[in-house]
Amino acid sequence: MADYLVIVESPAKAKTIERYLGKKYKVRASMGHIRDLPKSQMGVDVENEFEPKYITIRGKGPVLKELKTAAKKVKKIYLAADPDREGEAIAWHLAHSLDLDVASDCRVVFNEITKDAIKESFKHPRAINMDLVDAQQARRILDRLVGYNISPLLWKKVKKGLSAGRVQSVAVRLIIDRENEIKEFTPEEYWSIDAQFKKGKDIFSAAFYGIDGKKVELKNEDEVKEVLSQMKGKSFSVDKVTKKERKRNPAPPFTTSSLQQEAARKLNFRAKKTMMLAQQLYEGIEMGGKEGTVGFITYMRTDSTRISEVAQKEAGEYITGKYGEEFLKTSPRKDKKQQKAQDAHEAIRPTSTLRDPSSVKEFLSRDQHRLYKLIWERFISSEMAPAVMDTMSVDLVNGGVFFRATGSKVKFPGFMKVYVEGSDDQKEEKDNILPALKEGDKVTSEAIDPNQHFTQPPPRYTEARLVKTLEELGIGRPSTYAPTLDTIQRRGYVSLDNKRFIPTELGEIVLELVREFFPDIIDVEFTANMEKSLDNIEEGNEKWEKIIEHFYKDFEKHLEIAENEMEKVEIRDEPAGEDCEECGHPMVFKMGRYGKFMACSNFPDCRNTKPIVKEIGVKCPKCEKGNIIERKSKKKRIFYGCDQYPECDFLSWDKPIERKCPKCSEMLVEKKLKKGNQIQCVNCDYKEEEQK
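Per the working numbering: the sequence shown ends with 790, consecutive numbering throughout.
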């Protein structure tokens with residue numbers, strides 16, 4: 099019989115931890131929360147200091163019964179839920195359900211599921227941290243007060259199934275505000291002049307810089323002609339050569355936010371998928387043999403970039419052995435710690451540097467391996483020496499007109515040997531080597547090309563960009579980003595088009611109502627300050643009841659006004675432009691769980707529905723009768739097929755285009771590459787330049 103009962107959140111963890119602790123320990127899983135606020139009612143007594151009413155979650159009765167039975171047979175119980183606010187709250191609810199003293203040393207926390215970390219954590223059990231519990235409880239009650247008061251109003255005034263929450267409403271506002279910026283944007287004309295120069299056999303590029311050494315912006319064609327008229331002939335003099343050595347530092351190891359952003363950029367993962375895979379890597383992967391189930395990464399919900407000395411030492415030994423001592427960083431990394439970072443535990447890193455991605459590939463799924471490789475490489479690179487770049491800048495002059503050529507090459511790769519951080523905006527750094535030039539040298543211009551441009555509106559938010567913005571504004575916390583993005587899409591407030599968020603009409607209507615009657619809910623500064631208040635509760639500096647009371651005073655007034663003054667909004671279905679083939683009534687567009695579709699306006703008498711067919715304006719190259727349409731596979735991947743299917747079975751993953759190959763007259767397709775799209779022939783080697 100076991101002496102000790104350990105309760106964790108998931109069965110995957112339970113199996114691993116039980117093996118590490120030995121026969122005296124029985125490890126069971128609570129399967130997340132045991133108690134919560136009821137779904138059928140508010141569950142918060144606003145007349146009695148916002149006292150929450152907790153009940154056993156439906157379906158958790160058998161789990162709780164099993165835990166109570168196991169608890170009677172042991173000397174001591176340890177609560178080992180995740181090391182964050184949510185985990186502390188789960189432990190508190192378990193303690194309440196099992197009649198444990200929250201002040202006793204019943205709480206055990208660990209940042210990684212490895213044998214050493216688990217055994218060490220059980221040497222230092224502690225009491226449940228009620229400040230952490232209160233911070234989680236305050237967030238839960240706050241969200242319940244907002245959601246269970248505003249949502250019924252929206253159901254009554256707009257349509258059923260809607261909701262409003264603090265973080266999700268701000269996220270929708272950011273997306274809609276950006277869309278309005280794009281609509282109101284007025285492009286401004288500007289020009290550039292690119293040139294090709296020749297020195298001996300070497301040809302290099304330069305761009306117009308300015309006049310008489312001063313930078314000049316070209317706004318129209320007349321200004322370009324004025325510049326070109328000042329130049330005399332094709333001969334240019336080298337006016338100035340500047341050579342510098344520049345250091346480039348590695349990115350810090352991942353936080354939850356930066357992991358979601360980088361997985362979106364480099365692996366094309368949605369935030370929800372990234373967190374699901376990270377959870378699997380944290381809880382453990384079965385490796386068979388002596389190792390059994392192994393936790394691959396440290397805890398994945400963190401906003402700290404701190405790394406333990408043990409992990410740094412192991413990484414240093416690996417780097418020295420694999421790449422040489424010169425690749426190891428020589429001074430401690432100085433990370434900019436965000437003011438709101440909790441720093442409760444480490445950054446996301448591999449539990450063992452020695453478990454490199456290639457050695458464990460066979461035990462991981464393809465996506466698990468790709469994410470683990472990203473985490474491993476980011477961590478290793480963060481412990482490596484800076485890269486050193488040799489840069490060169492050359493000013494060329496003709497008649498007072500200055501062109502500037504810039505070049506760089508990697509002198510010492512440092513961390514870049516392993517990993518380079520992705521970016522939404524910047525291009526990857528590559529060698530651009532200029533010929534040997536010195537002041538007074540003569541070069542010849544081979545081509546001078548003026549180009550007209552127009553300023554572009556700000557880009558729509560991708561998931562990565564939105565997560566980054568929410569983090570910078572102090573909205574939400576690591577655990578909230580993925581579910582927030584998922585919720586605003588499921589509610590139909592926004593949709594994804596080409597991986598970018600576009601607001602729907604419904605989203606704009608709901609936001610306008612919330613903006614009018616509950617301005618604080620979508621106010622960025624107010625929401626960020628509320629997050630700071632929750633942090634203050636966690637640190638023991640404020641009482642949660644006071645924070646909720648202060649919020650509810652104004653909220654209650656707004657709620658009363660909204661109940662009386664909010665008018666009913668009728669959302670008319672958008673006509674689809676065709677009639678129902680079953681009853682003759684007009685078809686309309688509807689928004690469903692999986693996106694837009696067509697439905698009969700005579701519902702519920704007629705339940706005819708049809709998918710939306712998106713033609714791309716290309717005739718089928720196989721049957722030459724049908725048209726090519728865009729379709730989606732079961733996994734939501736876009737492909738192209740003939741609308742005469744099943745009579746014609748033509749399909750293509752790449753988008754066909756109307757033109758034929760000039761070389762062999764076969765079909766041309768637009769192929770998506772990492773850095774842009776390229777037109778290619780399906781039959782021969784014909785290719786066109788990449789379109790970025």
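Cβ coordinates follow ideal geometry from the N, Cα and C atoms, glycine included. Predicted model only: the values in this text are computed from it and were never measured.
| Item | Value |
| --- | --- |
| Is DSSP giving residue 472 helix, strand or coil here? | helix |
| In the structure shown, what three-state DSSP assignment does residue 541 receive? | strand |
| Can you pull the DSSP bridge partners for residue 728? | 712 and 738 |
| Terminal residues of the continuous beta strand (DSSP E) containing residue 496? | 485-496 |
| Under DSSP, the beta strand (DSSP E) around residue 127 begins and ends at which residues? | 123-127 |
| According to the neighbour-count rule (16 or more other Cβ atoms, all chains shown, within 10 Å of its Cβ), is residue 359 buried or exposed? | buried |
| Taking the runs of the alpha helix (DSSP H) that are 4 residues or longer, which of them lie wholly in the stretch 609-694? | 622-636 and 642-663 |
| Considering just the uninterrupted stretch of the beta strand (DSSP E) at residue 374, what are its terminal residues? | That residue, residue 374, is in no beta strand (DSSP E); its alpha helix (DSSP H) goes 369-381. |
| Using a Cβ-Cβ cut-off of 8 Å (strictly less than) and excluding sequence neighbours within five positions of residue 195, which residues of its own chain qualify? | 132, 133, 154, 162, 165 and 166 |
| Scan the stretch 169-203 and note each continuous alpha helix (DSSP H) run of 4 residues or more that stays entirely inside, going in chain order. | 183-195 |
| Under the three-state reduction of DSSP, which class applies to residue 448: helix, strand or coil? | strand |
| What residues in its chain sit with their C-beta under 6 Å from that of residue 267, if we drop five residues either side in the sequence? | 612, 619 and 620 |
| Just the C-alpha distance for residue 145 and residue 642, rounded to the nearest angstrom, thanks. | 16 Å |
| I need the boundaries of the beta strand (DSSP E) containing residue 499, first residue and last residue. | 499-510 |
| To the nearest angstrom, how far is it from the Cα of residue 301 to the Cα of residue 489? | 18 Å |
| Measure from the alpha carbon of residue 712 to the alpha carbon of each residue in 737, 249 and 719, then state which is nearest. | 737 |
| For residue 548, write down the residues that DSSP places opposite it in a beta bridge. | 291 |
| Give the range of the alpha helix (DSSP H) segment to which residue 228 is assigned. | 228-255 |
| Please list, in chain order, all residues of the same chain as residue 515 whose beta carbon is under 7 Å from its beta carbon, the five residues on each side excluded. | 421 and 425 |
| Assuming residue 343 is part of the beta strand (DSSP E), what are its boundary residues? | 333-346 |
| Helix, strand or coil, according to DSSP, for residue 601 in the structure here? | strand |
| For a test of your reading of the model: does the CB of residue 420 fall under 6 Å from any non-hydrogen atom of the ligand PLP? Yes or no. | Because no ligand of any kind appears in the structure shown, any question about the ligand PLP cannot be addressed here. |
| For the alpha helix (DSSP H) holding residue 357, just list the boundary residues, first then last. | 354-365 |
| Since residue 379 and residue 468 are thought to touch, with beta carbons under 8 Å apart, how far apart are those beta carbons, to the nearest angstrom? | Not quite, the Cβ-Cβ distance comes to about 11 Å (not below 8 Å), so this is no contact. |
| Does the stretch 630-641 come close enough to the stretch 668-682 that 3 or more CB-CB pairs lie under 8 Å? | no |
| If residue 307 sits next to residue 394, beta carbons under 8 Å apart, how far is it from one beta carbon to the other, in whole angstroms? | With a Cβ gap of about 51 Å, residue 307 and residue 394 do not count as contacting. |
| How about residue 609 and residue 271: are their beta carbons less than 7 Å apart? | yes |
| So the alpha helix (DSSP H) residue 106 belongs to, where does it begin and stop? | Note, residue 106: premise wrong, no alpha helix (DSSP H); beta strand (DSSP E) at 102-106. |
| Taking all protein chains shown into account, do 16 or more other C-beta atoms lie within 10 angstroms of the C-beta of residue 247, making it buried, or fewer, making it exposed? | buried |
| Which stretch, first to last residue, makes up the beta strand (DSSP E) that contains residue 593? | 592-595 |
| Starting from residue 308, follow its DSSP beta bridges and name the residues at the other end. | 313 and 500 |
| So what does DSSP say about residue 303, is it helix, strand or coil? | strand |
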